[in-house]
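Visitor: Numbering (the UniProt record's numbering), first residue to last: 1 to 217. In this text, a Cβ means the ideal position worked out from N, Cα and C, and glycines have one as well. Right, I'll just put the structure down here and ask away after.
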């Protein structure tokens, strides 16, 4: 398979690629993944803003499928679950898989989003109806783990947003400070180094297949 490569500034060509593909079938699902701090959410938002002017589109965010804090507290190793929140095992992949399958079948589906103030998902915040294009956005849509890899069978194209470790680290530290997750730079740096970058390395090492598109950001 030939991997197509684009710059994150090349939104027009990425959007045109989706529009062309959307004419070939009733619904297409594009997954946009990447390591933490890669900028995948920003890239996805830019694609959505441009694409929505031509085609009906909705975004399904992986973040809405975090386990609730109360569920993490029920796990065998609560301390690890809380410290590693954001790792694959802290997401309800069964629920996510079921929803993606329903979306691919054309069902009407209500989606949760993640509230950073509550630090928990909030149910029924987005509804997918008869939109032509669905964009899945999150870290793990191309991951070679049980259940996660099954999601891939419902995806038409898998796109990967790529960046350098140093850029990702800088973005993540600032993100944790802005969101109030960390109280200071030292605390934010420790969280990034022991959680986010660990997850990022795991993603790179455990992709199920080459992405269709790499977006350099």
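Which word fits residue 106, buried or exposed, when buried means at least 16 other C-beta atoms lie within 10 angstroms of its C-beta?
Guide: It is exposed - the Cβ of residue 106 has fewer than 16 other Cβ atoms within 10 Å.
Visitor: Taking only the alpha-carbon atoms, compute the straight-line gap between residue 37 and residue 175 and give it to the nearest angstrom.
Guide: Roughly 9 Å between the two C-alpha positions.
Visitor: What residue range does the beta strand (DSSP E) around residue 216 cover?
Guide: Per DSSP, residue 216 belongs to the beta strand (DSSP E) from 213 to 216.
Visitor: Since residue 88 and residue 160 are thought to touch, with beta carbons under 8 Å apart, how far apart are those beta carbons, to the nearest angstrom?
Guide: With 8 Å as the limit, residue 88 and residue 160 do not qualify as a contact, their Cβ atoms being about 16 Å apart.
Visitor: Does DSSP classify residue 191 as helix, strand or coil?
Guide: In the structure shown, residue 191 sits in a helix (DSSP, three-state: H, G or I).
Visitor: Between the alpha carbons of residue 13 and residue 116, how many angstroms are there, rounded?
Guide: The straight-line gap from Cα to Cα measures roughly 33 Å.
Visitor: Just tell me which of 188, 139 and 131 has its CA closest to the CA of residue 25.
Guide: For residue 25, the nearest C-alpha among the options comes from 131.
Visitor: Considering only residues of the same chain and omitting the five flanking positions on each side of residue 103, which have a CB-CB separation below 6 Å?
Guide: Around residue 103: 109, 128 and 134.
Visitor: Does DSSP classify residue 221 as helix, strand or coil?
Guide: Since the first residue of the chain shown is 1 and the last is 217, residue 221 is not available in this structure.
Visitor: At the level of alpha carbons, what is the spacing between residue 140 and residue 204?
Guide: The alpha-carbon atoms of residue 140 and residue 204 are separated by roughly 10 Å.
Visitor: Throw me the rounded Cβ distance for the residue 177 and residue 192 pair, which I believe falls under 8 Å.
Guide: At roughly 11 Å, the Cβ-Cβ gap does not stay under 8 Å, so residue 177 and residue 192 are not in contact.
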